[in-house]
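Here the structure is laid out as structure tokens; the discussion comes afterwards.
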Amino acid sequence: MSGKLSDDASSAPAPDPRFTEIPLNQPAATQVGAERIADAMSDAPEAPTKKLRTRYLVAIYLAQLTLYVAFIVPIAFSLAVRVAQVAPDNQNSVLALAVGLPGLFVVLGTPLVGVLSDRTRSRFGRRRPWLLFGSLLGLVGSSAIALTDGIAGLVIGWCIAYTGYGVVSSMLNTHLGDSLPALQRGRVMGILGAITQIAPILGITVAGGFVANPIGLFLLPAGIAFVGGLLFTLVMRDPQFTGERPPLRLAKVFQGFYFNPRRYPNLAWVWISKAFVFLAISMSGLYGVYLLTSRLELTPAQVGALLAAIGIPGVVTGILGAVGAGFLSDKLKTRKPFLVFSAIVLGASMIVTGTATSIPQYVIGGLILSLAIGCYGAVDQALALDVLPRDTDENGRFLAIIGIGSTLPQAIGPFIAGAVLALGAGNYTVVYFAGAAIAVLGALFIIPITAGRRADLATHSIQVMD
């Protein structure tokens, strides 16, 4: 590629990775949770050195646990149940709208919240007001879902709640970047990563007992999340920031999401392949509840029990896939074969699930999905680092752009799944087969990537060497 090609957004400020990797479904949450924390800590303007006390960390863990119960469980289970209660004749299209529309709000609005929090000069700190505001939004929106009997109220309520939970997630990760010292990062990241995987399982277990009670289904987890967030704000060390307020240039912020794909083709292929894989992941989980209730004739309570029961084996399978793929990719000094393999396995899992005629087959499909996501998540981030441009020290901006490659497809995925289902005359198998084809395309788009060997340069960034 010619060095004369310019990247028009190169002068734009980097969109913060803390505010772009917001998980929009349970599989995504298990992959990106720890990665967002790592990004937040690596971008701290001054590295914190004071060790956080155990009681303080427990408050953070509690806030994360309660947040992810209210954040992810509705997408994995509760929202489908509530939509079927409110709009039984249009449940497929309404669910796609209810899941997809809030995702667009989060993708577009979360970077703005990050910029505004950096500019906040409240005597209560920069992050605490926004964390409390997000917790309140989550409670208000979830209350609307529990109390409404209309489609509009349900969709608007989840838009409000999901936006609020996205704000809380961003502020928790940002606060870790502000305050967590290097010597505690590994242990804390590991615990928080485990929490992002365990919380949805606990939440679905509880929610399964309230399928006929909207108050318990939505208001109870939202109230618990609000209390968890409130308790943390009471002990949170977030001093008032008295430095110079940076200028607010929103056009520059969003301009930073653009890069020239002709100048950085490897980065472009990574983005495209990631987008297709996450689009497939988004489609894999949308109609799972309805497939189980319609084809396998399970009750919503039985669906909740089944999803909770396969949650722990799924986590174990995902961890084994991640550890195995990460170890082998480092040992063999290659990334692409593992990404291609995991994307194809993802497609295979959707075929197994989409054709399921028994509970064992559905469980097998779910475990294969967990294996694929574990393998992909372990190697995907490493390849992203491998292809970071060597001619510019803008790693934060490029990592944020790559992050959009996962969040944006998850936001539009429900709409695509809904359209495919409509074209397929309501046959859920068609959606799963379409997702499988998209996953295979994601695998094919990995092949053109030509990543070089990584090296630590004089800067603190990891860049590609020829």
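Note that the numbering used here has the sequence shown beginning at 448, numbered continuously upward. Where is the CB? At the ideal position from N, CA and C, for every residue including glycine.
Using CA coordinates, which residue listed in the options is at the minimum distance from residue i?
{"i": "Ile798", "options": "Gly852, Ser731 and Leu835", "result": "Ser731"}
{"i": "Val810", "options": "Val554, Val762, Ile863 and Gly852", "result": "Val762"}
{"i": "Ile642", "options": "Glu744, Ile759, Asn660 and Arg782", "result": "Ile759"}
{"i": "Asp827", "options": "Ile662, Tyr875, Trp716 and Thr740", "result": "Trp716"}
{"i": "Ile757", "options": "Gly773, Gly812, Asn620 and Val792", "result": "Gly812"}
{"i": "Gln511", "options": "Gly556, Ala831, Pro668 and Ala825", "result": "Pro668"}
{"i": "Leu678", "options": "Thr513, Ala886 and Gln857", "result": "Thr513"}
{"i": "Gly882", "options": "Gly794, Pro836 and Phe845", "result": "Gly794"}
{"i": "Gly604", "options": "Leu584, Ile859, Ser796 and Leu623", "result": "Leu584"}
{"i": "Gly572", "options": "Gly650, Ser853 and Met618", "result": "Met618"}
{"i": "Tyr737", "options": "Val541, Ala858, Thr652 and Leu548", "result": "Val541"}
{"i": "Arg424", "options": "Met683, Leu639 and Pro836", "result": "This structure leaves residue 424 out entirely; the chain is present only between 448 and 913."}
{"i": "Leu666", "options": "Val520, Ala872, Ile820 and Leu733", "result": "Val520"}
{"i": "Gly613", "options": "Leu714, Gly556, Ile671 and Gly597", "result": "Gly556"}
{"i": "Ala429", "options": "Ile791, Thr804 and Gly852", "result": "Any answer about residue 429 is impossible in this case: the structure gives the chain only from 448 up to 913."}
{"i": "Phe788", "options": "Arg570, Ser805, Ala599 and Gly821", "result": "Gly821"}
{"i": "Tyr734", "options": "Leu767, Phe880 and Phe774", "result": "Phe880"}
{"i": "Ser887", "options": "Ala755, Ile719, Leu681 and Phe552", "result": "Looking at the sequence shown, residue 887 is not Ser but Val. Ranking the options by Cα distance to Val887, first place goes to Ile719."}
{"i": "Gly676", "options": "Gly588, Ile662, Trp577 and Gly656", "result": "Trp577"}
{"i": "Thr595", "options": "Phe657, Pro712 and Gln532", "result": "Gln532"}
{"i": "Gln631", "options": "Ile766, Ala829, Leu504 and Pro807", "result": "Leu504"}
{"i": "Gln687", "options": "Tyr609, Arg570 and Leu714", "result": "Arg570"}
{"i": "Leu579", "options": "Leu681, Phe552, Phe657 and Val653", "result": "Leu681"}
{"i": "Tyr711", "options": "Ala831, Gly771 and Thr567", "result": "Ala831"}
{"i": "Leu743", "options": "Ala659, Ala654, Asn660 and Pro807", "result": "Pro807"}
{"i": "Pro661", "options": "Val635, Ser589, Asp685 and Ile598", "result": "Ser589"}
Please classify residue i as buried or exposed, where buried requires at least 16 neighbouring CB atoms within 10 angstroms.
{"i": "Leu726", "result": "buried"}
{"i": "Glu468", "result": "With a pLDDT of 48 at Glu468, under the threshold of 50, the predicted position of this residue should be treated as unreliable, and no value is reported."}
{"i": "Phe706", "result": "buried"}
{"i": "Ile815", "result": "buried"}
{"i": "Lys721", "result": "buried"}
{"i": "Ile607", "result": "buried"}
{"i": "Val554", "result": "buried"}
{"i": "Ile893", "result": "buried"}
{"i": "Ile848", "result": "buried"}
{"i": "Thr764", "result": "buried"}
{"i": "Pro895", "result": "exposed"}
{"i": "Ile522", "result": "buried"}
{"i": "Asp536", "result": "exposed"}
{"i": "Lys498", "result": "exposed"}
{"i": "Phe673", "result": "buried"}
{"i": "Ala485", "result": "Per-residue confidence for Ala485 stands at a pLDDT of 38, beneath the threshold of 50, marking its modelled position as unreliable; the derived number appears in the next sentence. Answer is buried; the Cβ neighbour count reaches 16."}
{"i": "Thr897", "result": "exposed"}
{"i": "Thr501", "result": "exposed"}
{"i": "Ile728", "result": "buried"}
{"i": "Gly650", "result": "buried"}
{"i": "Ala905", "result": "Legend: pLDDT at Ala905 = 32, less than 50; position of this residue unreliable, value from coordinates given subsequently. Answer is exposed; the Cβ neighbour count stays below 16."}
{"i": "Gln644", "result": "buried"}
{"i": "Asp833", "result": "buried"}
{"i": "Gly655", "result": "buried"}
{"i": "Ala659", "result": "exposed"}
{"i": "Ala872", "result": "exposed"}
Do residue i and residue j have their C-beta atoms closer together than 8 Å?
{"i": "Pro647", "j": "Tyr515", "result": "yes"}
{"i": "Ala864", "j": "Ala534", "result": "no"}
{"i": "Phe723", "j": "Gly889", "result": "yes"}
{"i": "Phe518", "j": "Ser626", "result": "no"}
{"i": "Thr740", "j": "Gly801", "result": "no"}
{"i": "Ala858", "j": "Gly550", "result": "yes"}
{"i": "Pro390", "j": "Val546", "result": "Limits of the chain in this structure are 448 at one end and 913 at the other, which puts residue 390 out of reach."}
{"i": "Ala752", "j": "Gly824", "result": "no"}
{"i": "Gly600", "j": "Ala593", "result": "no"}
{"i": "Ser427", "j": "Arg574", "result": "This structure cannot settle anything about residue 427, because the visible part of the chain is limited to 448 through 913."}
{"i": "Ile638", "j": "Tyr508", "result": "yes"}
{"i": "Ala819", "j": "Ser853", "result": "no"}
Count Cβ pairs between the region 766-778 and the region 866-873 that sit closer than 8 Å; are there 3 or more? Under the three-pair Cβ rule at 8 Å, the region 766-778 does not count as touching the region 866-873.
What residue ranges within the region 707-769 form continuous alpha helix (DSSP H) runs of no fewer than 4 residues, ordered along the chain? Counting only runs of 4 or more, we get 712-733, 735-741 and 747-756.
Could you tell me whether the region 743-756 touches the region 523-535, using the rule of 3 or more Cβ pairs below 8 Å? Below 8 Å, enough C-beta pairs join the region 743-756 and the region 523-535 to call them touching: three or more.
Enumerate, from N- to C-terminal direction, the unbroken beta strand (DSSP E) stretches of 3 or more residues contained entirely within the region 784-822. If we require 3 residues or more, the region 784-822 turns out to have no beta strand (DSSP E) run fully inside it.
Report the start-end ranges of each alpha helix (DSSP H) in the region 622-684 that is 4 residues or longer and not cut off at the edges. Look at the region 622-684 and you find these whole runs of alpha helix (DSSP H), each 4 residues long or longer: 629-654 and 667-682.
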